[in-house]
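Q: Here's a structure for you.
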Amino acid sequence: MKKTFIFLLLFSASLTVMAGTPKGIIKVTPRIAPPLSLMNMDGEQFTLSTNKQRWHFVHFWASWCGPCRREMPTIQRLINDMAKDNIGFVIVNTAESDDTIFGFLGGVAPDIDTLLDKDGLTTELWKPRGLPSTYLVDPQGQIQYVVIGGQDWHKSKYQHFLRQLSKDKN
Amino acid sequence: MHYQFAYQTSRIIILLLISLQVMAAPQRRVVENPNIKMVVIPRTAEQMAAFYEGREFPSKATDATRDACFFTIGIHNKTKNILWLNTANWSITTKTGSIPLLSREHWAQRWKKLNLQQRFQSTFRWTLLPNMLDFQVDEHEGGNITLPRTKLPFTLTAHFATHRDKSGEPINISFKDLRCAEEIQ
């Protein structure tokens with residue numbers, strides 16, 4: 001009886017997540033996320049770790065891409081709004097100089113702390129479909145969702161979806 | 001009075017220059033049907049060189065881009081299934097024959113010869129249209145295609161397979177009488 005109850009609970013929880021997948025977020029066959037170890041703008045090293053017991057929002061961008069310009073302020077707002085949620089935000093600039101990045105972020109999203117993929121090789125490993133590109137990586141380090149194109153991340157449907165994920169540590 | 005005449009004349013000259021610019025501006029071409037929207041925008045050598053120069057590319061690299069004819073392509077999958085892009089199935093034909101697209105390998109070799117820094121090579125690659133992509137429902141993606149500069153008009157024919165197993169009705173889109181965009185001298 002107890003097992004049936006747990007099964008039903010898990011089943012309904014997964015249905016809730018599936019039913020609530022907002023536009024642009026696509027469930028993919030899980031695959032191990034490629035390595036990601038880069039420095040941020042302050043020269044601090046960040047390594048995407050799989051033992052943090054939380055999901056990660058991994059986002060690749062470049063200043064020259066039009067959708068990135070529109071999307072970045074919404075990501076900043078998402079990060080602010082979800083500061084207390086158990087989800088990590090990993091923002092990666094692809095192959096641009098410090099000056100370009102400072103200039104761009106200063107204008108559209110000054111609070112964002114981006115990692116610097118200076119030679120673009122980490123981005124290549126992740127094989128995005130294009131820029132911008134976002135991956136949702138589970139606590140075991142597997143890519144579970146790919147986000148196609150730029151999204152309005154500040155909208156409640158996206159925040160609700162990510163909040164649901166952040167509660168799932170399995 | 002003299003001032004007013006000069007003002008009117010300069011206004012006419014400015015309007016004339018603007019209209020010349022508009023006339024010479026590369027034409028954006030669009031094909032749209034219930035299954036796909038495809039946009040083709042010719043880019044002038046100056047536009048492309050300025051774009052890459054703005055990304056701090058060295059002049060040896062921006063000069064190299066001037067040898068090629070660039071078109072920015074936008075594709076929107078409006079089918080209810082997967083739309084398969086494979087530029088190997090695209091053709092560019094003139095009245096005298098076909099022109100191959102310049103491949104990513106072509107550019108990689110070119111950059112290697114110029115000893116171009118990895119970060120610029122990476123940026124350049126990301127500005128190109130992917131060779132292959134499984135467009136999801138309602139997905140928009142884009143990027144540049146490149147070909148050797150030609151003064152001849154040509155037809156670009158793009159072939160797309162459809163459905164997850166590529167068994168669906170294929171989609172063929174043609175853009176006739178395309179030309180490499182030229183600068184006003």
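Sequence lines, in order, name chains A and B. In terms of my numbering, the first sequence has 48 at position 48, counting the first letter as 1, and numbering is strictly consecutive. In terms of my numbering, the second sequence has 38 at position 38, counting the first letter as 1, and numbering is strictly consecutive. Each residue gets a CB set at the ideal place from its N, CA and C atoms; glycine is no exception.
Count the CB pairs spanning the region 60 to 71 of chain B and the region 38 to 49 of chain B that are closer than 8 angstroms, and state whether there are at least three.
A: Contact holds: three or more Cβ-Cβ distances are below 8 angstroms.
Q: With DSSP as the reference, label B:A49 as helix, strand or coil.
A: Counted from its first residue, the second sequence places residue 49 of chain B at position 49. Helix at B:A49.
Q: For B:M132, I'd like the list of residues in its chain whose CB is within less than 7 angstroms of its CB, leaving aside the five on either flank, ordered along the chain.
A: As a first step, residue 132 of chain B must be located in the second sequence, where it is residue number 132. These residues qualify, in order along the chain: L85 and N86.
Q: DSSP three-state label for A:G120, please.
A: Here residue 120 of chain A refers to the residue found at position 120 when the first sequence is read from its first residue. Three-state result, A:G120: coil.
Q: Can you tell me whether DSSP reads B:E32 as helix, strand or coil?
A: Residue mapping note: residue 32 of chain B aligns to position 32 of the second sequence, counting from 1. If DSSP states are grouped into helix, strand and coil, B:E32 belongs with the strands.
Q: Counting along the chain, where does the beta strand (DSSP E) carrying B:P148 start and finish?
A: Counting from one through the second sequence, the residue named residue 148 of chain B turns up at place 148. Per DSSP, B:P148 belongs to the beta strand (DSSP E) from H140 to P148.
Q: Report all residues from its chain with a CB closer than 7 angstroms to the CB of B:A49; omit the five preceding and five following residues, and keep chain order.
A: Residue mapping note: residue 49 of chain B aligns to position 49 of the second sequence, counting from 1. Result list for B:A49: T62, T65 and R66, in chain order.
Q: A:I91 and A:I112 - do their beta-carbons sit closer together than 9 angstroms?
A: For the purposes of this step, residue 112 of chain A is identified with residue 112 of the first sequence, where counting begins at 1. For the purposes of this step, residue 91 of chain A is identified with residue 91 of the first sequence, where counting begins at 1. A contact, by the Cβ cut-off of 9 angstroms.
Q: For A:D117, which residues from the same chain have a beta carbon less than 7 angstroms from its beta carbon, with the 5 sequence-adjacent residues on both sides left out?
A: On the first sequence, residue 117 of chain A is found 117 positions in, with the first residue counted as 1. Within the same chain, A:D117 has close Cβ partners L38, V92, N93, T94, A95 and T123.
Q: Rounded to whole angstroms, what is the Cα-Cα separation between B:E105 and B:V137?
A: Looking up residue 105 of chain B in the second sequence gives position 105. Looking up residue 137 of chain B in the second sequence gives position 137. Looking at the two C-alpha atoms, the distance is approximately 30 angstroms.
Q: Given a cut-off of 9 angstroms, decide if B:M38 and B:I75 are closer than it, judged by their beta-carbon atoms.
A: Counting from 1 along the second sequence, the entry for residue 75 of chain B is found at position 75. Counting from 1 along the second sequence, the entry for residue 38 of chain B is found at position 38. Cβ distance < 9 angstroms, so B:I75 and B:M38 count as in contact.
Q: At 8 angstroms on the CB atoms, spell out the chain B contacts of A:W126, in chain order.
A: Within the first sequence, the letter at position 126 stands for residue 126 of chain A. The premise fails here: A:W126 is roughly 12 angstroms from chain B at the closest Cβ pair, so nothing lies under 8 angstroms.
Q: For B:C180, which residues from the same chain have a beta carbon less than 7 angstroms from its beta carbon, with the 5 sequence-adjacent residues on both sides left out?
A: As a first step, residue 180 of chain B must be located in the second sequence, where it is residue number 180. For B:C180, where only same-chain residues beyond five positions count, the Cβ hits under 7 angstroms are P42, C69, R149 and T150.
Q: Where does the unbroken beta strand (DSSP E) through B:C69 begin, and where does it stop?
A: Along the second sequence, read from residue 1 onward, the residue named residue 69 of chain B stands at position 69. Element bounds for B:C69: A68 to N77.
Q: Residue ranges of each alpha helix (DSSP H) run of no fewer than 4 residues wholly in the region 26 to 99 of chain A, ordered along the chain?
A: Runs found: 66 to 81.
Q: Do B:F57 and B:F154 come within 9 angstroms of each other at the CB atom, strictly closer than that value?
A: Residue mapping note: residue 154 of chain B aligns to position 154 of the second sequence, counting from 1. Residue mapping note: residue 57 of chain B aligns to position 57 of the second sequence, counting from 1. No, the Cβ-Cβ distance between B:F154 and B:F57 is not below 9 angstroms.
Q: Tell me B:H159's beta-bridge partners as DSSP assigns them.
A: For this step, residue 159 of chain B is matched to residue 159 along the second sequence. Answer is B:N172, bridged to B:H159.
Q: For the putative contact between A:Q76 and A:A109, defined by C-beta atoms under 8 angstroms, what is the C-beta separation to the nearest angstrom?
A: To locate residue 76 of chain A, count along the first sequence from 1; it is residue 76. To locate residue 109 of chain A, count along the first sequence from 1; it is residue 109. With 8 angstroms as the limit, A:Q76 and A:A109 qualify as a contact, their Cβ atoms being about 4 angstroms apart.
Q: Measure the alpha-carbon distance for B:I36 versus A:N40 and round it to whole angstroms.
A: Taking the second sequence and counting its residues from 1, the one referred to as residue 36 of chain B is at position 36. Taking the first sequence and counting its residues from 1, the one referred to as residue 40 of chain A is at position 40. Distance between the alpha carbons of B:I36 and A:N40 is about 40 angstroms.
Q: How long is the line joining the alpha carbons of A:L165 and B:A161, rounded to whole angstroms?
A: Within the first sequence, the letter at position 165 stands for residue 165 of chain A. Within the second sequence, the letter at position 161 stands for residue 161 of chain B. Looking at the two C-alpha atoms, the distance is approximately 35 angstroms.
Q: Quick check on DSSP: helix, strand or coil for A:V108?
A: Your numbering for residue 108 of chain A matches position 108 in the first sequence. A:V108 falls in the helix class under three-state DSSP.
Q: My assumption, with CB atoms under 8 angstroms, is that A:F28 sits in contact with A:Q144. Please give the rounded CB distance.
A: Here residue 28 of chain A refers to the residue found at position 28 of the first sequence. Here residue 144 of chain A refers to the residue found at position 144 of the first sequence. For clarity, residue 28 of chain A is Val in the given sequence; the question names Phe instead. The pair is a contact, with the Cβ atoms about 7 angstroms apart (cut-off 8 angstroms).
Q: Give the residues from the region 91 to 121 of chain A that approach chain B closer than 9 angstroms (Cβ to any Cβ), ordered along the chain.
A: The residues in question are T94, A95, E96, S97, D99, T100, D117, K118, D119, G120 and L121.
Q: Closer than 7 angstroms, Cβ to any Cβ of chain B: which residues of the region 34 to 53 of chain A, in chain order?
A: Answer in chain order: no residues at all.
Q: Taking CB distances under 9 angstroms as the criterion, tell me whether B:L116 reaches chain A.
A: On the second sequence, residue 116 of chain B is found 116 positions in, with the first residue counted as 1. No, B:L116 does not count as interfacial toward chain A.
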